[in-house]
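*Asks:* Residue numbers (this note's numbering): 24 to 544.
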Ligand SMILES: [Zn+2]
């Protein structure tokens, strides 16, 4: 059910509830003779456990950065949930990563006035060992190499602003709605000018500008990676070894940088607790319901478990994780003795380059060889509305047949793109597709994902639309069932891919890459 943004819509709904009218408006029009699909619908749409499970994963366990205790805790939790359901589960070690724990962070402007700033620590940043206070300087525009050397010799003990400040922190769609065209164009131009100027400033510091800054004695590096919406920044990793690296909100970064550029002597105090945990093992969590007739053929449900750490990774990829976990619960209830083996992979290291799934594929060629289908989910909340057959010609017919058997409530939202072009990256299905296995993504196309929650400081539990999560988990369970029961093995013949404009020839099939199994390998 889509809710309206109009305040009167909420009011009207409240009035209905107050009047004691029926509020359970979920339509129950699904008609099928298939008792398994019927039971899956009831399990998924009426007995859903998605809210409870998502609350534990996002709120109590929290962010799941590769190598962090949060990732480990999430893997342990998944194992305990599957154990409780009586589903076979194991952690599979595929490599190691740099262990790091983020602790408390507090950042204040201390001059020319006191203000607490909205900050996030970049992943694997050094901490501050107590309080660190320093004057703030901005990387200037340089006119010569001598200029660069002279400036670098002046930054010992300083906190350096190392990215451009945004001319506005308003979301562009609001600006376009309310401002004059000339204003919108002017701001866009100003932003482009600033970005160009900053590319030059950072370029003058060499290939590793942040390292050059800390080598010159800077004690803190501050950047701001605005995500183009109200209150949202993307939070990635640090590239320093000594200097603390933090991200400031668009607004606070603009404030500090205006103070610095206008020589109003800003200084900042930072308290950042971090803990280096050495080299730690990394795992995938694999669970399975063994097949009864064709145990050596596999349907794989797939979603990465790791996340970035700026928030709690609710839509990247808490929702995918809960979708596949709940799908396994539905399958165990409604289809406990599948024809083919049903596997689920909760991968580590996706955010560092699909590491867990690529490693699994490399280590388990017999599984990859015998995959009937892979269904991966990794993009936010909202309903699955698009499945692309990824250039698999004959497999398109199987996929279309399965989708045709779904309840209309689920399938009416789904556009099939058969055989489709082919994605060149993106998520874990590619780790299998590259070998020619039918690896598909259950895609949700909604524009605000990249702007507002993807890798941002606002990717939190409250963003999850549970009606859609229930829909998606039921969809994943039903597709796994239909793929498992399909009398035919899904064929792997390939369509001729669209022309590559660089060569004028059809594009090559997506290549498999070696998984990066350790930090800095
Ligand atoms: Zn993701």
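The C-beta atom is built at its ideal place from N, Cα and C for all residues, glycine as well.
In angstroms, rounded to a whole number, what distance separates the CA positions of residue 447 and residue 453?
*Replies:* Residue 447 and residue 453: Cα-Cα distance of roughly 8 Å.
*Asks:* Give the list of continuous alpha helix (DSSP H) stretches no shorter than 4 residues that lie fully inside the segment 290 to 365.
*Replies:* Runs found: 342 to 357.
*Asks:* Check whether the Cβ of residue 270 sits closer than 6 Å to any heavy atom of ligand 1, and report yes or no.
*Replies:* Result no, Cβ not under 6 Å from ligand 1.
*Asks:* Classify residue 78: buried if its beta carbon has 16 or more other beta carbons within 10 angstroms, exposed otherwise.
*Replies:* With fewer than 16 Cβ atoms within 10 Å of its Cβ, residue 78 is classed as exposed.
*Asks:* Within its chain, find whatever has a CB closer than 8 Å to the CB of residue 504; leave out the 5 residues flanking it on each side and keep chain order.
*Replies:* Hits under 8 Å: 59, 60, 63, 354, 357, 358, 361.
*Asks:* Quick one: what does DSSP say residue 433 is sitting in, helix, strand or coil?
*Replies:* Here residue 433 sits in helix by DSSP.
*Asks:* Check whether the segment 460 to 477 and the segment 394 to 401 touch, using three or more Cβ-Cβ pairs below 8 Å as the test.
*Replies:* With the cut-off at 8 Å, the segment 460 to 477 and the segment 394 to 401 touch.
*Asks:* When you measure from the CB of residue 401 to every non-hydrogen atom of ligand 1, does any distance come out below 6 Å?
*Replies:* Yes - ligand 1 has a heavy atom lying nearer than 6 Å to the Cβ of residue 401.
*Asks:* Tell me whether residue 451, by its Cβ, gets closer than 6 Å to a heavy atom of ligand 1.
*Replies:* No, since every heavy atom of ligand 1 falls outside the 6 Å radius drawn around the Cβ of residue 451.
*Asks:* Measure the Cβ-Cβ separation of residue 263 and residue 294 and say whether it is below 7 Å.
*Replies:* In this structure, residue 294 does not lie closer than 7 Å to residue 263 by Cβ.
*Asks:* Just the Cα atoms here: how many angstroms apart are residue 474 and residue 250?
*Replies:* Computed Cα separation, rounded: 6 Å.
*Asks:* Could you give the DSSP three-state label for residue 119: helix, strand or coil?
*Replies:* Correct three-state label for residue 119: strand.
*Asks:* I think residue 337 touches residue 496, with their Cβ atoms under 8 Å apart; what is that distance to the nearest whole Å?
*Replies:* Actually they are not in contact, since the Cβ atoms of residue 337 and residue 496 sit about 15 Å apart, beyond 8 Å.
*Asks:* Run the proximity test for residue 339: is its beta-carbon closer than 6 Å to any non-hydrogen atom belonging to ligand 1?
*Replies:* Correct: residue 339 has its Cβ closer than 6 Å to ligand 1.
*Asks:* If you scan the segment 361 to 433 from start to end, which runs of the beta strand (DSSP E) of 3 or more residues do you find wholly inside it?
*Replies:* 363 to 370, 394 to 399, 409 to 411, all fully within the segment 361 to 433.
*Asks:* Going by DSSP in three states, residue 45 sits in which element: helix, strand or coil?
*Replies:* Residue placement at residue 45 cannot be trusted, given a pLDDT of 38 that sits under 50; what the coordinates show is reported in the next sentence. Reduced to three states, the DSSP call for residue 45 is coil.
*Asks:* How far does the alpha helix (DSSP H) with residue 191 in it reach, from first residue to last?
*Replies:* Here residue 191 belongs to no alpha helix (DSSP H), and DSSP marks it neither H nor E.
*Asks:* Can you name, in chain order, every residue of its own chain whose Cβ lies under 6 Å from the Cβ of residue 377, other than the five neighbours on each side?
*Replies:* Hits under 6 Å: 451, 454.
*Asks:* Specify the secondary structure class of residue 181 as computed by DSSP and reduced to three states.
*Replies:* Three-state DSSP puts residue 181 in coil, outside helix and strand.
*Asks:* Closest by CA to residue 476, which one among 408, 392, 334?
*Replies:* Checked all of 408, 392, 334; the closest Cα to residue 476 is 334.
*Asks:* Among the residues of its own chain, which have a CB less than 7 Å from the CB of residue 486, if the five just before and after it don't count?
*Replies:* Taken in chain order, the residues that qualify are 337, 338, 404, 476.
*Asks:* If you draw a straight line from the C-alpha of residue 84 to the C-alpha of residue 514, how long is it?
*Replies:* One C-alpha to the other measures close to 41 Å.
*Asks:* May I ask you to list the residues that DSSP assigns as paired with residue 129?
*Replies:* According to DSSP, which records beta bridges pairwise, residue 129 is partnered with 294.
*Asks:* I need the DSSP call for residue 476, collapsed to helix, strand or coil.
*Replies:* In the structure shown, residue 476 sits in a helix (DSSP, three-state: H, G or I).
*Asks:* Per DSSP, which residues does residue 440 bridge with? Please list them.
*Replies:* 411.
*Asks:* Pick from 323, 271, 287, 149: whose alpha carbon is nearest that of residue 387?
*Replies:* Per the Cα distances, 323.
*Asks:* Quick one: residues in its chain with C-beta nearer than 7 Å to the C-beta of residue 363, no 5 flanking neighbours on either side, listed in chain order?
*Replies:* Result list for residue 363: 314, 317, 320, 321, 322, 395, 507, in chain order.
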